[in-house]
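Below is one structure, written out as structure tokens, with a few remarks after it.
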Amino acid sequence: MPYLYAEEGTNCENLPANTGSSSGYGKEIDAHCPDTVLLAEANQWPEDVVDYFGDYRRRRRPECHGVPFSVMPRIFMAVRRESRYPVSEILAKTPAIPSGCQ
Numbered sequence: 097m098p099y100l101y102a103e104e105g106t107n108c109e110n111l112p113a114n115t116g117s118s119s120g121y122g123k124e125i126d127a128h129c130p131d132t133v134l135l136a137e138a139n140q141w142p143e144d145v146v147d148y149f150g151d152y153r154r155r156r157r158p159e160c161h162g163v164p165f166s167v168m169p170r171i172f173m174a175v176r177r178e179s180r181y182p183v184s185e186i187l188a189k190t191p192a193i194p195s196g197c198q
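Take a look at the structure:
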């Protein structure tokens with residue numbers, strides 16, 4: 097999801113049009129398929145991933161319900177290093193997310 101839209105002069109990563117805050121994807125999904133869960137594949141830093149949930153304080157539901165890819169590369173790193181720290185560090189950096197999301 098971080099690269100759906102391109103903007104000249106940028107690396108096209110995490111542009112406002114791509115994030116849940118302004119994309120409107122969740123509103124469209126809610127309107128046409130209200131019982132659907134929307135996952136945003138965004139292998140980004142935790143502080144950037146939170147934007148894909150949208151402004152969930154203003155909406156009945158968040159724009160995206162899961163953005164699970166921040167931890168994925170850290171799992172491989174933890175296995176390779178035989179250490180829990182890559183995973184525990186990234187989880188500690190993850191800001192609060194909406195209730196019912198992951």
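FYI, the numbering for the sequence shown is 97 to 198, going by this note's numbering.
C-beta: ideal position from N, C-alpha, C; glycine also.
G105 in three-state terms, based on DSSP = Coil at G105, not helix or strand.
Three-state secondary structure (DSSP) at G122?
-> Residue state for G122 is assigned as helix, using DSSP reduced to three classes.
Are the CB atoms of I186 and V167 nearer to each other than 8 angstroms?
-> For I186 and V167, yes; Cβs fall inside 8 angstroms.
Look up L45 in the DSSP assignment and say whether it is helix, strand or coil.
-> Since the displayed the chain opens at 97 and closes at 198, residue 45 lies outside it and no answer follows.
For R157, I'd like the list of residues in its chain whose CB is within less than 7 angstroms of its CB, leaving aside the five on either flank, ordered along the chain.
-> Only G122, D126 meet the Cβ criterion.
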